[in-house]
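J.:
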Amino acid sequence: QVQLVESGGGLVQPGGSLRLSCAASGFISGINAMSWHRQAPGKERELVASISSADGRTDYSDFVKGRFTISRDNRKNTVYLQMASLKPEDTAVYYCAARRGTGRFQYWGQGTQVTVSS
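First residue of the sequence shown: 29, per my numbering; consecutive thereafter.
#1: Express the C-alpha separation of Ser146 and Ala52 in angstroms, rounding to a whole number.
#2: In or out: Phe55 buried (at least 16 other Cβ within 10 Å) or exposed?
#3: State buried or exposed for Arg85, treating a residue as buried only when at least 16 other CB atoms are found within 10 Å of its CB.
#4: With which residues is Thr143 paired in a DSSP beta bridge?
#5: Which of the three DSSP states is assigned to Asp87 in this structure?
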């Protein structure tokens, strides 16, 4: 089993920045990708960004390109999401996820709330 714990959420003004962290523990051998997703009230959960464990390749959804950066620290088994130029529409619960193999992300954290408001 894999445990994922997110931290770093909070309240920030429009245009501000936040950094989310996701610490992975447990049986993490074979995890080949990690990602951040978000879910706003009344909306479906959506992929924000992902990063490959093997080569560090990153992918972003169009709505965060140029504003968000996903990164990893393999020594700490931690993935980060640096968010800048935040907008009110970025308000959501942000979830970290991990995948072993291909297909869907199988492991999920409990989520951390990000609220962008003045």
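Beta carbons are placed, not taken as given, at the ideal position from N, Cα and C, and that holds for glycine.
T.: Judging by the given coordinates:
#1: 33 Å
#2: exposed
#3: exposed
#4: Leu39
#5: strand
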